[in-house]
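Each remark here refers to the structure printed beneath this line.
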Amino acid sequence: MIEQQNQTFIYRIDRDNKITYVSKSWDIFARENGTPELCEENVKGQPLLDFFSGMEVKHLYRLIFEKSRNTKQSMEFPFRCDSPKLRRYMFMKILYVDEDAIEFETRILREVPRPEIELLDIDAKRGTEFIVMCAWCKCVKTNGVWLEVEQAVNKMRLFDQPVLPRISHGMCKKCELRLKNKL
């Protein structure tokens with residue numbers, strides 16, 4: 001396990017949910033993880049929700065934005081942002097700044113190395129099939145059951161496939177209950 005310190009990434013949205021600011025640490029993180037398209041010069045002025053997949057996830061974020069603006073209270077929750085070789089446990093704090101801004105502060109709590117999971121490789125060859133992954137805990141829905149990504153890859157025999165499925169994001173019941181309790 002690798003403990004992380006001072007790994008905080010910040011971005012802000014305006015009243016139209018468009019990205020207005022991205023911290024330098026976010027840009028560094030995006031480049032280190034092979035996603036330079038998520039750096040400030042590419043995302044500033046774009047709707048934040050354009051960077052999420054899955055209607056359920058987008059709907060929940062709209063509810064989070066609404067609650068933040070209506071109550072002017074902060075909201076916090078854990079989530080995962082895994083890479084092919086790391087389980088990355090993170091924490092997000094959503095802060096109401098003013099009527100024109102909501103700020104998202106995310107930080108890495110810890111990273112746990114694991115054998116590479118090709119399914120999470122953004123450059124992996126993809127077919128037309130989709131799987132659903134929880135946007136918060138990274139479990140994969142497999143025959144109606146949510147499994148850790150390593151278990152799902154084995155159960156669905158994805159290592160035998162010539163191409164991997166695309167990933168759409170949804171929410172498992174456990175994460176849904178935890179987040180809806182905060183709304």
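Heads up: the sequence shown is residues 1 to 183, going by full-length UniProt numbering. Using N, Cα and C, we set each Cβ at its ideal position, and we do this for glycine too. Just so you know, these numbers come straight off a predicted model, no measurement behind them.
- Query: Using CA coordinates, which residue listed in P162, W136 and R12 is at the minimum distance from L60?
  - Reply: When the alpha-carbon of L60 is set against those of P162, W136 and R12, the nearest one is in W136.
- Please classify G170: is it buried, with 16 or more other beta-carbons within 10 angstroms of its beta-carbon, or exposed? G170 should be labelled buried.
- Under the three-state reduction of DSSP, which class applies to T35: helix, strand or coil? Looking at T35 - three-state DSSP - the assignment turns out to be coil, as it is neither helix nor strand.
- Task: Enumerate in chain order the residues of its own chain whose CB-to-CB distance from R114 is below 8 Å, with the five nearest sequence positions on each side excluded.
- Result: Contacts found: K85, L86, R87 and E150.
- Between the CA atoms of F52 and Y16 - distance to the nearest angstrom: Before going further, note that residue 16 is Asp rather than Tyr in the sequence given. Each residue's CA atom was taken as its position, placing D16 and F52 some 16 Å apart.
- Message: According to DSSP, is I64 part of a helix, a strand, or is it coil?
- Response: Of the three classes helix, strand and coil, the one that applies to I64 here is helix, per DSSP.
- Cβ neighbour criterion (16 or more within 10 Å) applied to M90: Looking at its Cβ environment, which holds 16 or more other Cβ atoms inside 10 Å, M90 is buried.
- Query: Which residue comes first and which comes last in the alpha helix (DSSP H) that contains R178?
  - Reply: Looking at the DSSP string, the run of the alpha helix (DSSP H) that includes R178 is K173 to K182.
- Query: Tell me, which residues are paired with D98 by DSSP?
  - Reply: Within the DSSP bridge table, the entry for D98 names A101 as partners.
- Contact under 9 Å by Cβ, V132 with K141: For V132 and K141, yes; Cβs fall inside 9 Å.
- Indicate whether V145 and I117 have their beta-carbon atoms separated by less than 9 Å. Using a Cβ distance threshold of 9 Å, V145 and I117 do not count as a contacting pair.
- Message: Per DSSP, what are the beta-bridge partners of R12 in this structure?
- Response: Residue pairing by DSSP places R12 opposite Y21 and E103 in a beta bridge.
- Query: Considering V140, what are the terminal residues of the beta strand (DSSP E) in which it resides?
  - Reply: Unbroken beta strand (DSSP E) run through V140: V140 to T142.
- Through-space distance from F9 to E32, alpha-carbon basis: Taking C-alpha positions only, E32 is separated from F9 by approximately 13 Å.
- From L49, K93, Y21 and C175, residue whose alpha carbon lies closest to that of S68: Comparing Cα positions, the closest option is K93.
- Selection from D14, D160, C134 and L177 that minimises the alpha carbon distance to L95: Of the candidates D14, D160, C134 and L177, the one whose C-alpha sits nearest the C-alpha of L95 is D14.
- How would you label V43, buried or exposed, when you count the other beta carbons within 10 angstroms and need 16 or more for buried? In summary, V43 is buried, with 16 or more beta-carbon neighbours lying within 10 Å of its beta-carbon over all protein chains present.
- Compare the beta carbon distance of C134 and T106 with 9 Å and say whether it is the shorter of the two. Between C134 and T106, the C-beta spacing is not below 9 Å.
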